[in-house]
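Right, one structure below, let's go through it.
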Amino acid sequence: MATTAQPLYRRGMIVIQPAVNQQGMPVLKQVAIPNLRPESNQADIYSTLQAIGQLQRHPVTGIMTVDTAELIEA
Numbered sequence: 001m002a003t004t005a006q007p008l009y010r011r012g013m014i015v016i017q018p019a020v021n022q023q024g025m026p027v028l029k030q031v032a033i034p035n036l037r038p039e040s041n042q043a044d045i046y047s048t049l050q051a052i053g054q055l056q057r058h059p060v061t062g063i064m065t066v067d068t069a070e071l072i073e074a
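Printed below as a string of structure tokens:
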């Protein structure tokens, strides 16, 4: 059975470190940037999320995307 993936939407995630806990481990928080165009290339998305991350008060520890697609039987 062949299937194809039809992209629906993409969102960006910026991971920041607002604090450390009592054991000295980093506390991480995700900041979601919704409604990115699924057809956008990864380099453009990365540079945009990196620029948004520079506006954060806390250090950025990661940048990622989450893609959602509908699976269609071909």
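Going by the UniProt record's numbering, the first residue of the sequence shown is number 1, and it counts up by one from there. The beta-carbon is built from N, C-alpha and C at its ideal position, and this holds for glycine as well. Keep in mind the model is a prediction, meaning the values are calculated, not measured.
In the three-state reduction of the DSSP assignment, residue 17 falls in the strand class, which pools E and B. Under DSSP, residue 4 takes part in a beta bridge, and its partners are 72. Looking only at 69, 23, 44 and 12, the smallest Cα-Cα distance to residue 31 is reached by 12.
Under the 10 Å beta carbon count, residue 57 is surrounded by fewer than 16 other beta carbons and is classified as exposed.
For residue 12, the secondary structure class from DSSP, reduced to helix, strand or coil, is strand.
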